[in-house]
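Numbered per mature numbering (1 follows the signal peptide of the UniProt record, and there is no 0), the sequence shown spans residues -19 to -1, 1 to 223.
Backbone N, C-alpha and C define an ideal beta-carbon position, used for all residues, glycine too.
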Amino acid sequence: MRLATILLSCLLTIAAARGTHRLFDVDGDHKLHTALVTRADKATTNSVREAFYAAKVVPDVLPSFDPTLLLNVNFTNSGLEDPSVTVEPGVLLTRNQTKFIPEFSISNITEDDGEKTYVVVQVDPDAHTPQNPDVAQVRHLLGGNYTTDGTAATGLALRNSSVAVSEWMRPSPPAGSDPHRYVILLYAQPDNFSAASIAPLVPVNASSSPLHFNLSEFAQATGLGLPVAGTYFLTGPDAASA
């Protein structure tokens, strides 16, 4: 099996700083979720699950979440003083840090997990603003045919072998908005998952609007089921426009 010599590297976990992050404040009469997310010393499937529930990713995006793998997400922008950043659940990142599509890897896996094919989805449940998510969810990425391809610093690298159903769209919260949650999820890919096969089931393709996307309905219609891994980060508008 192609994973036999590198399986041990898949057991790496992400070191995370201990801290507390307040997601949103209650403003006037707006209905708004307020959550405190305490980061663990290192990421585990249980700590990621707890972060999703604390940040109300469940139920705002998912009906439930019980990850079995760790999804590691690394953004790189060579134009920055610190060009690389690894996502910890709930970390606050700038738009420049999240300008380009990140690299994905998985850890905490079995050899069988490393032989599977995956779908990666990113959504924003807070557009236009967390107080008024009137166009949520916004689809920022929907790509299939991700398979393991060698090792990464955080586990087994994931690469896709086909054009994404929805290409990467960088986070762009509007001026004056509080930071948005950007949720990245990994699904085990069902057989025959492609843009052509899902077209009769759901109106989602490269030219369809990314607004008003419902990930739970999409997952049910296409047989994705529930995600096997995920993470999320926060991004607000640029300081000059905030």
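Using a Cβ-Cβ cut-off of 6 Å (strictly less than) and excluding sequence neighbours within five positions of residue i, which residues of its own chain qualify?
i	result
P154	H161, G217, P218
V146	L123, A176
F56	V66, Q78, T79, P83
W149	I82, L122
P191	V119, R120
F174	G125
V72	F214
Y99	Y127, L167, Q170
N141	G124, N126, Y127
Kindly list the residues whose CB is nearer than 7 Å to the CB of residue i, restricted to its own chain and excluding five residues on each side of it in sequence; keep chain order.
i	result
S188	none
P44	S197
N58	P64, N77, Q78, K80, F81
V209	P48, T49, L50, L167, Y168, A169
A117	D105, P106, D107, A108
Grouping DSSP H, G and I as helix and E and B as strand, with all else coil, what is residue i?
i	result
A210	strand
V38	helix
Q170	coil
N113	coil
L205	coil
E49	Rather than Glu, the amino acid found at residue 49 in this sequence is Thr. Reduced to three states, the DSSP call for T49 is coil.
T129	strand
A180	coil
T25	coil
L215	strand
F194	coil
With burial defined as no fewer than 16 other Cβ atoms inside 10 Å of the residue's Cβ, what is the status of residue i: buried or exposed?
i	result
N53	buried
A138	buried
H193	exposed
N89	buried
T49	exposed
V144	exposed
P184	exposed
T19	In this prediction, T19 scores a pLDDT of 33, lower than 50, which makes its location untrustworthy; no coordinate-derived value is stated.
E96	exposed
T212	buried
Between residue i and the ligand NAP, is there a pair consisting of the residue's CB and a ligand heavy atom that are separated by less than 8 Å?
i	result
S143	In terms of ligand content, the structure shown is empty, and the ligand NAP therefore cannot be addressed.
Residue i and residue j look like a contact to me (Cβ under 8 Å); what is the Cβ gap, rounded to whole Å?
i	j	result
I165	V101	7 Å
Please return the same chain residues whose Cβ sits closer than 8 Å to the Cβ of residue i, not counting the five positions on each side in sequence.
i	result
A133	N53, N55, E84, S86
Curious, which full-length beta strand (DSSP E) runs of at least 3 residues does the region 58 to 97 contain? 65 to 67, 72 to 74, 84 to 88
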